[in-house]
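Just so you know, we're using the numbering used here here: the sequence shown kicks off at 1045 and counts up by one.
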Amino acid sequence: MTQEGRSSLAAPEGTSDARDRGILEAALDAIIVIDTHGRITETNLAAERILGWQRSDLVGRMLNETLIPPRYRAAHQLAFAEHLRTGVQSILGQRLELHARRADGSEFPCELIVTRVDLADEVIFAGHIRDISDRREAERVIRESEARLRTLTEAMPEAVFLFDAAGRMVIANPAALALTATGSALDFADLVARLDVDAEEASSLRLGRRVGPLEARLAPRGRWVEWNSHPVEVPPQLTALGEDAAEGREATMVVL
């Protein structure tokens, strides 16, 4: 590999076409190979499954006329021509999120990585396409869930905090910010430290156990509050703040 997203290969004598085909077909992502004219020269079985095109219907046709949605074709043509002319590799080897076109004309969100391969007698480009429709749908559901949760907590007269498993504040409604006299985030340990409680109670609080109702003074204003905290299951994006997670994680909800 000479540069990111670009390699220089010399096919060894006796390279097995069957081996190469086997490697191509074993890939879970759709793989589309084009030449410097933008003509499709190879695909794999995953491409048929993901894109709905038979290999025989794609090979020999132009990429710009098949898999790229019409509204993006002019931009693709210009970018491809610019790369061939200048060698600039702004997108090679990069993980891109865009839309691809299926055989029936429908579009779907996908993740694309393009690599350039310099062979002994030609230059080819390989695009690895992964359907991310399920991920996008999951993200949409989580965003809606988060919006509902925020709407619910902001309307509550009680002070409500939600902390993730690491103790970072994810949600604090207006009543919570007013009660703690802060307009910005504070972590769970900071909130516990503001309570005038004994060591045993403080330890239980820091461990995220269900606590309450507990009456105590809260700094900095010294107001008496009734503390209730308990673990809850919430979507991973709320508790992990963008970390990769497949399941909901335990967070701590505090109501004062």
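We treat Cβ as the ideally placed atom computed from N, Cα and C, and that holds for glycine.
Quick one: what's residue i bridged to in DSSP?
| i | result |
| --- | --- |
| His1143 | Pro1153 |
| Gly1171 | Ile1076, Val1158 |
| Glu1245 | None, per the DSSP bridge assignment. |
| Glu1086 | Val1077 |
| Phe1232 | Paired residue(s): none; Phe1232 is not in a bridge. |
| Ile1215 | Leu1206 |
| Leu1136 | Val1158 |
| Leu1239 | Leu1262 |
By DSSP, does residue i sit in helix, in strand, or in coil?
| i | result |
| --- | --- |
| Thr1197 | helix |
| Val1276 | strand |
| Pro1257 | strand |
| His1127 | helix |
| His1081 | coil |
| Arg1267 | strand |
| Leu1223 | helix |
Measuring CB to CB, does residue i end up less than 8 angstroms from residue j?
| i | j | result |
| --- | --- | --- |
| Ala1225 | Asp1240 | no |
| Phe1152 | Ser1177 | yes |
| Gly1082 | Phe1124 | yes |
| Gly1252 | Trp1271 | no |
| Val1214 | Leu1221 | no |
| Asp1101 | Ala1090 | no |
Work out the CA separation of residue j and residue i for me, nearest whole Å.
| i | j | result |
| --- | --- | --- |
| Leu1022 | Leu1223 | Since the first and last residues shown for the chain are 1045 and 1300, residue 1022 lies out of range. |
| Val1161 | Arg1099 | 21 angstroms |
| Arg1293 | Ala1209 | Below a pLDDT of 50, predicted positions are generally treated as unreliable, and Arg1293, at 43, falls in that range; the measurement from the model is reported next regardless. Approximately 7 angstroms, taken between the alpha carbons. |
| Asp1034 | Glu1183 | For the chain, the structure presents residues 1045 to 1300; residue 1034 sits outside this window and is missing. |
| Met1200 | Gly1131 | 58 angstroms |
| Asp1175 | Ala1216 | 36 angstroms |
| Val1185 | Asp1148 | 27 angstroms |
| Ile1075 | Asp1165 | 21 angstroms |
| Pro1218 | Glu1202 | 9 angstroms |
| Leu1095 | Asn1108 | 14 angstroms |
| Leu1140 | Glu1069 | 23 angstroms |
Query raised in the report: Does the pairing of the region 1162-1176 with the region 1187-1201 give three or more beta-carbon distances under 8 angstroms?
Result: no
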